[in-house]
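Q: All letters in the sequence shown, in the order written, are residues 21 to 504 by the numbering used here. C-beta atoms are modelled at their ideal positions from N, C-alpha and C, and glycine is treated no differently. First, the structure itself, so that you have it in front of you.
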Amino acid sequence: VNAELRPYQSEGVDWLVSLYENGLNGILADEMGLGKTLQTIAFIAYLIEQGVSGPYLVVCPLSVVENWISEIQKFAPDLVPVVKYHGVKTTRTKLLRKLRTANIVITSYEMIIKDAPQLRRIPWRFVIVDEGHRIKNLNCKLIQDLKSFDTANRLLLTGTPLQNNLAELWSLLNFLLPDIFPDLALFQSWFDFSGPDSSIAVDASSDLIQSLHSILKPFVLRRVKSAVERDVPAKREYVLYAPLTDQQRNLYNAILDGNIRDVLKAKLEQMVTEYVDDGKDSSITDINATVKAEMATKRLQNRVMQLRLACNSPHLFISPWLEKDPAGAILNQSGKIQVLDSLVMKLLADNHKVLIFSQFSKMLDLIEIWSDYKGLETCRIDGSVSQEDRVAAINTFNESDEHKVFLLSTRAGGLGLNLVAADTVILLDSDWNPQVDKQAIDRVHRIGQTKPVLVFRLATVGTVEHLILDKANAKFYLEKLVIQ
21 VNAELRPYQS EGVDWLVSLY ENGLNGILAD EMGLGKTLQT IAFIAYLIEQ
71 GVSGPYLVVC PLSVVENWIS EIQKFAPDLV PVVKYHGVKT TRTKLLRKLR
121 TANIVITSYE MIIKDAPQLR RIPWRFVIVD EGHRIKNLNC KLIQDLKSFD
171 TANRLLLTGT PLQNNLAELW SLLNFLLPDI FPDLALFQSW FDFSGPDSSI
221 AVDASSDLIQ SLHSILKPFV LRRVKSAVER DVPAKREYVL YAPLTDQQRN
271 LYNAILDGNI RDVLKAKLEQ MVTEYVDDGK DSSITDINAT VKAEMATKRL
321 QNRVMQLRLA CNSPHLFISP WLEKDPAGAI LNQSGKIQVL DSLVMKLLAD
371 NHKVLIFSQF SKMLDLIEIW SDYKGLETCR IDGSVSQEDR VAAINTFNES
421 DEHKVFLLST RAGGLGLNLV AADTVILLDS DWNPQVDKQA IDRVHRIGQT
471 KPVLVFRLAT VGTVEHLILD KANAKFYLEK LVIQ
């Protein structure tokens, strides 16, 4: 390949070759940012050079399909052209004829699910699943379809092989090595756990952990940045606690008391009446009908979700555009946005570039309004952004001195993106699964980063967010014991 592999990357390629030569499948589980894609490309190039022809199928999130293609073009141009299996049905039907003779085929999870009947007929030399933890649910359609594909060789790439519990790890191992790991109940019986959702106690037996490590060792290769990559700068993480504003506290208490719908309805009636009285919208002739229609759009069944929204902003319940001063209200009525305002303006004054992540696209909408109010140039990626617009946004952020703030939804923007132009990550809210947040952080803390990385996690005092952070710490402990 057209790259000088770092020593641990060369060892990774050798490990992959050894697996193949011994008829085994495995998980390349290096921490995110250590070059799993490059190691895999070097492995494929070696096999093809040895006469082990394709087709090699790479299945990955849609957001990184183009990245795979560009990395192959960059590091292994002899493997080009790569077939990108994507597009409308007529396009995919034409592409099917090319797959059997291709070196490498790149496609997304969605295409596997749509076209499994056609794709399973092709004798694949290798099936490689990037972000392989996506098949952690043993009953999901993606894993059932991939299990039916005609191949003896499977490889998973994931920086987070264990996210919540051992049942998920078994699902990955069963996909790779069904003869060795045929039964979940048997797998769990090897260890002293009460069920698929149990986590390890703090005083877990060292013998038990050692036993698990020895079972996993032949099939899982895991290296972490701190152990192998001295060139990656230090990372410092902080939790910043924001107070709830009066508006947030009232909403939070109403959710706990079970009368959130009544409180919202009264607030809406007041705001719509003031909005009409101020002459902002002459088309509203029936205030009651307007309020009723707006209330009909509210989904208020999931109490924990409503509490999380209240921790972020009251304007996730009622549109800020009904306020006399929308941007000012967004800032004044959310403790987190007040903390964000002070933090971001100080970071930008010190010439940092910042990624701001949220679980909720509507929260990003509010931050976008705030950004405009502060005169900031921003980029944005969420689940609604097309592949072409993603690439354009990434290029703009990485190359422009004017765009110093990037807004990203944690799930859509947390996978496969290289954003080392930034050196600071702000998590407006935390995921129940801590690995999702870690993937977001590793968009910045990875090979190629030249500056120390700052991570700020925002949380509210005395709320459900404390529980989320406690659960996340427990899951990280499980991963550290089992995988590392």
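Considering only their Cβ atoms, is the gap separating residue 397 from residue 362 smaller than 9 Å?
A: No, the Cβ-Cβ distance between residue 362 and residue 397 is not below 9 Å.
Q: What does the alpha-carbon distance come out to for the pair residue 276 and residue 344?
A: Taking the straight line from one Cα to the other gives about 29 Å.
Q: For the beta strand (DSSP E) that residue 80 lies in, which residues bound it at each end?
A: Unbroken beta strand (DSSP E) run through residue 80: 76-80.
Q: Give me the Cα-Cα distance between residue 70 and residue 44, rounded to the nearest whole angstrom.
A: Taking the straight line joining both Cα atoms gives about 18 Å.
Q: Using the Cα positions of residue 365 and residue 39, report the straight-line distance between them to the nearest angstrom.
A: Roughly 51 Å between the two C-alpha positions.
Q: Jot down the residue ranges of each uninterrupted alpha helix (DSSP H) in the stretch 408-463, minimum 4 residues, whole runs only, in chain order.
A: List check, alpha helix (DSSP H) in window: 430-433, 454-461.
Q: Rounded to whole angstroms, how far is the Cβ of residue 384 from the Cβ of residue 337, which I believe are closer than 8 Å?
A: Their Cβ separation, rounded to whole angstroms, is 16 Å, which puts residue 384 and residue 337 out of contact at 8 Å.
Q: For the beta strand (DSSP E) containing residue 174, name the first residue and the last one.
A: First-last of the beta strand (DSSP E) with residue 174: 174-177.
Q: Would residue 457 and residue 478 be called neighbours here (beta carbons separated by less than 9 Å)?
A: No.
Q: Run through DSSP, which three-state label would residue 256 get?
A: Note: residue 256 maps to strand in three-state DSSP.
Q: For residue 397, name the three-state secondary structure that DSSP assigns.
A: Three-state result, residue 397: strand.
Q: Since residue 380 and residue 322 should fall inside the 8 Å C-beta cutoff, what is the C-beta to C-beta distance between them, to a whole number of angstroms?
A: That belief does not hold up - the Cβ atoms of residue 380 and residue 322 are roughly 13 Å apart, past 8 Å.
Q: Do residue 192 and residue 155 have their CB atoms nearer than 9 Å?
A: It is a contact, given that the beta carbons lie within the stated cut-off.
Q: Go ahead and pull the three-state DSSP assignment for residue 30.
A: If DSSP states are grouped into helix, strand and coil, residue 30 belongs with the helices.
Q: From residue 487 to residue 329, what does the alpha carbon distance come to, in whole angstroms?
A: Each residue's alpha carbon lies about 15 Å from the other.
Q: Grouping DSSP H, G and I as helix and E and B as strand, with all else coil, what is residue 217?
A: Low per-residue confidence applies at residue 217: pLDDT is 45, beneath 50, and the placement is therefore not dependable enough to give any value.
Q: Can you have a look at residue 174 and say buried or exposed, based on whether 16 or more other CB atoms are within 10 angstroms of its CB?
A: Classification of residue 174: buried, given that the 10 Å Cβ count is 16 or more.
Q: Classify residue 151: buried if its beta carbon has 16 or more other beta carbons within 10 angstroms, exposed otherwise.
A: Residue 151 comes out buried.
Q: Compare the C-alpha of residue 22 against each of 94, 407, 55, 112 and name the closest.
A: When only C-alpha atoms are compared, the closest one is 94.
Q: Going by beta carbon distance, what residues of the same chain come within less than 8 Å of residue 162, once the five residues before and after it are set aside?
A: Taken in chain order, the residues that qualify are 129, 132, 133, 154, 155.
Q: Sort 73, 205, 120 by Cα distance to residue 186 and report the nearest one.
A: Selected option, being the one with the closest Cα: 205.
Q: When the Cα atoms are used, what is the spatial distance from residue 114 to residue 65?
A: Using only the alpha carbons, I get a separation of about 26 Å.
Q: At the level of alpha carbons, what is the spacing between residue 24 and residue 249?
A: Computed Cα separation, rounded: 14 Å.
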